[in-house]
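Single-structure report; data block below.
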Amino acid sequence: MLLYAVDESSAHNVAAASWLEEVLAGDSRVGLPWQTIGAFLRIATHPRVAENPLSGPPLGDT
20 MLLYAVDESS
30 AHNVAAASWL
40 EEVLAGDSRV
50 GLPWQTIGAF
60 LRIATHPRVA
70 ENPLSGPPLG
80 DT
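Structure representation (C-alpha cells):
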C-alpha cells in the first residue's frame, strides 16, 4: 500500500493514497515496523525496481 500511495504512475495510486490518508487522519493508532519502513525505502529508491525511484539529498548533506 505504501508503494502504491507514493507512486503517482500506478493505477492504484489514488485509492491507496486516499486509504492511507484516511487511516493516518483517523482516531486509531497506526504503527509501521522498522522492517517495513526499511523495505519500503529499499524498494522505492531502487532504480531497477521502481519505474520512477524516489530520491533524496545525498548522504552527508545538511
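Adding 19 to a residue's 1-based position in the sequence shown gives its number in our numbering.
All residues carry an ideal CB built from backbone N, CA and C; glycine is no exception.
Residue ranges of each alpha helix (DSSP H) run of no fewer than 4 residues wholly in the stretch 33-71, ordered along the chain?
-> 53-63
Shortest alpha-carbon distance to residue 70 belongs to which of 28, 24 and 21?
-> 28
Residue 73: first and last residue of the uninterrupted alpha helix (DSSP H) it sits in | Counting along the chain, residue 73 falls outside any alpha helix (DSSP H), and DSSP gives it neither H nor E.
Excluding five sequence neighbours on each side, which residues of the same chain lie with their C-beta closer than 6 angstroms to the C-beta of residue 31?
-> 23
Grab me the residues of residue 73's own chain with a C-beta within less than 6 angstroms of its C-beta, minus the 5 sequence neighbours each way, in chain order.
-> 63 and 64
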